[in-house]
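The next block holds one structure in the form of structure tokens; read it before the comments.
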Amino acid sequence: MTVPIDQHIEQKQDVTFRIFRFNPQVDSKPYFDDYTIPVERGITVLRSLNYIKEHIDASISFRAFCQAGICGSCGMRINGLSQLACTTQVWEVLAKSREPGLIRVEPLRNLPLIKDLIVDMDPLVDKMKHYSNWIDSTMPESSMGKKEFLISEEEFLRYDKATDCILCASCVSECSILRANKEYVSPAVLLKSYRMNVDTRDALHGQRLAELVKDHGVWDCTHCYRCQETCVKSIPIMDAIHGIREDAIELRGLKDTSGSKHAEAFMSDIEKKGKLVEATLPIRTNGVFWTIQNLLPMAVKMIMKHRTPPPPPLVKPAKGIKVFRELFREMTEHVKQDHKSHKK
Amino acid sequence: MRFERMKPFDIVIVGGGGAGLYAAMEAMKTNPSLNIAVLSKVYPNRSHTSAAQGGANAALGNKAKDDTVEMHIFDTIKGSDYLADQDAVDVLCSEAPKIIRELENMGTPWSRMDDNTIAQRPFGGAGRPRCCYCADKTGHTILQTLYEQCLKKGVIFFNEYFALNLSVKGSRSRGLVAINMKTGRLEAFPARTVIFATGGYAKMYWNRSSNAAGNTGDGQAIAYRAGIPMKDMEFVQFHPTGLRKSGLLVTEGARGEGGYLINKNGERFMARYAKEKMELGPRDLVSRSLETEILEGRGFDSPAGKYLHLDLTHLGADLIKSRLPQIREMCMQFEGVDPIEEPIPVRPTAHYSMGGIDTDNFTRTVMSGVYAAGECACVSVHGANRLGGNSLLDILVFGRIAGHTAAEEAGRFEPGNISEAELQLNSDEIRGSMHSSGHYERYGELREELGQTLALNVGIFREASLLKKGMQDIAELRERFKRVRVFDTSDVFNTNLLQVLELRNMLDLAETVAAGAFAREESRGSHTRVDFPVRDDAKWHKHTMATMVKGNVSLGEKPVTMGRYELQERTY
Ligand SMILES: Cc1cc2nc3c(=O)[nH]c(=O)nc-3n(C[C@H](O)[C@H](O)[C@H](O)COP(=O)(O)OP(=O)(O)OC[C@H]3O[C@@H](n4cnc5c(N)ncnc54)[C@H](O)[C@@H]3O)c2cc1C
Ligand code: SF4
Ligand code: SF4
Ligand code: FES
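Just so you know, the protein sequences line up as chains A and B, in that order.
When you read off a place in the first sequence, starting at 1, and then add 1, the result is the number in our numbering.
Number 428 in our numbering belongs to position 447 of the second sequence; there are no gaps in the numbering.
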């Protein structure tokens, strides 16, 4: 595509923004307001909202700060998807919109609504505190600043991606478990917990993990992948979740004999995953591959850890859910046997 | 209306960016029994510190073994065009290695060198590669670390509280008045000491600024209205390549990889200004070159203003995808332009405010019990021009000093009593602009006009007649502001009200920027006077001090503290 060299022609089109409205002081329930404005190419949803606020209705309330996709303020649902308003191009949303010329803008889910597009972030901060989302340095405070920890590139890479998180809560908004259980730890907090756990400078690992395996913790996740698909920074959140689980199993396995219970929980996870995959097979074929490649070998490793004979050959990733179920059944048998032998 | 009254605090910190958070941590460490609060109009992790990509300078000597603190000091003083106070620069640079390691010890994920030490890279104006970084998210990760550590230490946060005014009795502060954004209520924070850490004011150039929407100089304006002087306000740093529509930065990397700057005649115009270095000349020179092209009519025209092209198309899709993925993504997200296919529309953008609240090396202001640190303060370590990577360092070093000093000195002051009547006065003032009678000016228009007149008349090139025009415009805008209307009358999260309050702050400070620029009849660092093109040490080797007298700016001066380094011409 070429651009005329000495003049700039802006193409424009009319766009209707259907905006979620709720003011707790006067409204008994939320409603939608429509605003139609001309939008040229290159304009983001946030700039459109600013335009509407400045020119049509000053009372629309939303958060925005950096306007550069780094502060995490402007998370909202745009045509049903939780994302950042400041990095989302209007024309791109329109191209995918089911209703021509219309963009729906709603607040994030799973956090208490304050007003219009603004939700309360405090529950997320409380969870960060609850799960000690900080480094408790192994270096005593008195000797800080004197020398560096030596950290390998390899270790850095373990948490590099996780530190991209800007706490925008888009993943939180899409998490299926949170919809049912507001106390659930939340994907972003799992991610942050993982980031702390793999940092060798940290002394809290065990304590944090102990908290993570309790109710509402890491075992509640259904592997639905929504968080990872949503993440505005493309962070592989599931790697973090699996990382924590693997870690938990290893730690537990060494310490007590209830390891197989965890194994069971884990197997039921895989089963759930299987079901989910089945339900959404057309769009998630990758998920199946991933599951077979990653979860099964891990389960095997687990069983081995509990000194049980290795299961019959079940490796080889196979296509489709049928094969998956087949393998799964075999696996389950094994866990059951393993369980029995433990009881004896 | 009822007002909330807090029990008195020993320290109230306004601002949860790098400076504010470090201050909070250090204050708790200095005296754990103190009652400390951090107020911030955004959740601390949203603060603009998160936008800093490049890194923070410290002479660790990890990359260049022969780097020294002394070299860092010299680079900083020279970079400042000799306007920095040399004793303050000593503090900044000597504390640097310690503070970077401290952050490292607390969990900041610095990128690493092959020998597993903190990685460093070269940065503009530095004689050695001493900029410590974490990929291209240095500010973000520093802010995360500090926020995490504050949560760990149990720092008390008042998030989404908007500081409104300092309550002043004679020459003493009683504490702070703030709006609880969630309820819309005014709340009084009586305090022994107050630390301002509210960040910069470069957003007054609005869409010709790389800054966050909230970098409106609130702390400076509050202090200024309370009678505390502002220092060197005329020094605003411009970055050459901001995106046309948003002002967001396209980092130097794009030119580093071989991007061309092109005018509407298709010329690589940098040949006119820097034959050898071309697009890679120093920041201020490249900014001035772009501006000249635009002023002389060789820019492209668009409804969003005149601009030039940063052309990467000749680099090819492969190189752009592999080496400049972030820049490409940014252009697509914010401007809707894919640099593989078309040139990027750019123009210079206001980036950093060197001026701010005048403080001593312990961050004290002239008002006892009031301190300031970070971009909102002017110690001064940056003088007429800040070096890249020195600002993150500034907020850390002086944020910590502020926390320490306030904690040590809090015992000397009594917390004041902020009366019901005073709160009522504050409240009436706010409510007043919500009435329709006599209030009709629109916030958006005033703000737009402010940004425009600043960019046009108090921008990169300055000249007496332009500055006069700018000052006139600002005075008119301040007059019109008295009739501004807050259209949203609700209490909960009234962002319309907050925008208007921020505009008031920008207008008050804009006057100091323009007045300082008009008075300073020389060219130094970021301040370029076409009518006074050379540095005039005899007359102007001094700080400008702006104080509010009867609602308007009054200028004074203060000598620059010299040290080991004599005045020299600044050439690179
Ligand atoms: C795009 C960009 C890139 C940069 N890159 C670099 C770099 O590579 N290296 C470098 O050294 N520097 C860089 N800088 C500069 C540096 O990031 C800033 O100078 C620095 O982060 C400022 O930190 P601070 O703590 O002073 O303020 P901020 O981080 O801006 O924090 C200000 C705080 O004050 C609060 N606040 C403001 N007003 C109020 C109010 N009225 N009431 C309550 N709270 C209030 C805000 O909520 C916020 O928490 C860059 C700047 C920009 C814009
Ligand atoms: S994978 Fe787990 S954390 Fe992520 S959205 Fe699904 S249930 Fe929530
Ligand atoms: S993990 Fe991604 S989506 Fe979730 S809060 Fe962090 S950046 Fe946002
Ligand atoms: S406004 Fe900061 S991420 Fe969108």
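Positions of the beta carbon are idealized from the N, C-alpha and C atoms, including for glycine.
Keep in mind that this is a model prediction, so the values were computed, not measured.
Check residue i in the structure and name its three-state DSSP category.
| i | result |
| --- | --- |
| residue 515(B) | coil |
| residue 173(A) | helix |
| residue 141(A) | coil |
| residue 292(B) | strand |
| residue 437(B) | helix |
| residue 551(B) | coil |
| residue 47(A) | helix |
| residue 163(A) | helix |
| residue 100(A) | coil |
| residue 107(A) | strand |
| residue 326(B) | strand |
| residue 530(B) | strand |
| residue 68(A) | coil |
| residue 32(A) | strand |
| residue 230(A) | helix |
| residue 34(B) | coil |
Can you list, in chain order, the residues of its chain with a C-beta nearer than 6 Å to that of residue i? Leave out the 5 residues immediately preceding and following it.
| i | result |
| --- | --- |
| residue 290(B) | 243 and 324 |
| residue 455(B) | 491, 492 and 495 |
| residue 222(B) | 231, 291 and 327 |
| residue 228(B) | 188, 189, 190, 191 and 330 |
| residue 107(B) | 56 |
| residue 375(B) | 362 |
| residue 445(B) | 512 |
| residue 548(B) | 63 and 518 |
Mark residue i as exposed unless 16 or more other C-beta atoms lie within 10 angstroms of its C-beta, in which case mark it buried.
| i | result |
| --- | --- |
| residue 158(A) | exposed |
| residue 177(B) | buried |
| residue 392(B) | exposed |
| residue 320(B) | buried |
| residue 215(B) | buried |
| residue 209(A) | buried |
| residue 552(B) | exposed |
| residue 14(B) | exposed |
| residue 406(B) | exposed |
| residue 33(A) | exposed |
| residue 151(A) | exposed |
Please work out which residues of its chain come closer than 7 Å, Cβ to Cβ, to residue i, disregarding the five sequence neighbours upstream and downstream, and give them in chain order.
| i | result |
| --- | --- |
| residue 464(B) | 419, 420, 421 and 422 |
| residue 428(B) | 187 and 484 |
| residue 130(B) | 6 and 87 |
| residue 500(B) | 525 and 536 |
| residue 29(B) | -2, 180, 192, 193 and 196 |
| residue 527(B) | 210, 211, 214, 493, 496, 497, 534 and 536 |
| residue 159(B) | 20, 142, 143, 144, 145, 168 and 170 |
Check the DSSP bridge columns for residue i and list the partner residues they point to.
| i | result |
| --- | --- |
| residue 331(B) | 190(B) and 219(B) |
| residue 168(B) | -15(B) and 159(B) |
| residue 538(B) | 525(B) |
| residue 76(A) | 85(A) |
| residue 337(B) | 212(B) |
| residue 510(B) | 443(B) and 513(B) |
| residue 174(B) | -8(B) |
| residue 38(A) | 16(A) |
| residue 154(B) | 149(B) |
| residue 573(B) | The structure shown does not extend to residue 573(B), since chain B is modelled only from -18 to 553, so the question has no answer here. |
| residue 351(B) | 175(B) |
| residue 114(A) | 120(A) |
| residue 203(A) | 138(A) |
| residue 465(B) | 422(B) |
Counting only the same chain and skipping the five closest in sequence on each side, list residues whose C-beta sits under 8 Å from that of residue i.
| i | result |
| --- | --- |
| residue 542(B) | 66, 67, 68 and 69 |
| residue 125(A) | 112, 168, 170, 173, 187, 189 and 190 |
Does residue i have its Cβ less than 8 Å from a Cβ in chain C?
| i | result |
| --- | --- |
| residue 382(B) | Although the question refers to chain C, the structure presented lacks it and instead comprises the protein chains A and B. |
inquiry  = What ranges does the alpha helix (DSSP H) occupy inside the stretch 41 to 123 of chain B, keeping only unbroken runs of at least 4 residues that lie completely in it?
reply    = Secondary structure in the stretch 41 to 123 of chain B: the alpha helix (DSSP H) runs of 4 residues or longer, each lying completely within the stretch, are 50 to 60 and 67 to 87 in chain order.
query = In the stretch 222 to 263 of chain B, which residue ranges form an unbroken beta strand (DSSP E) of at least 3 residues, counting only runs that do not cross its ends?
reply = With a minimum length of 3 residues, the continuous beta strand (DSSP E) runs that stay inside the stretch 222 to 263 of chain B are 241 to 243.
task = Starting from the N-terminal side, write out each stretch of the alpha helix (DSSP H) that is 4 residues or longer and does not extend beyond the stretch 476 to 501 of chain B.
result = 476 to 500
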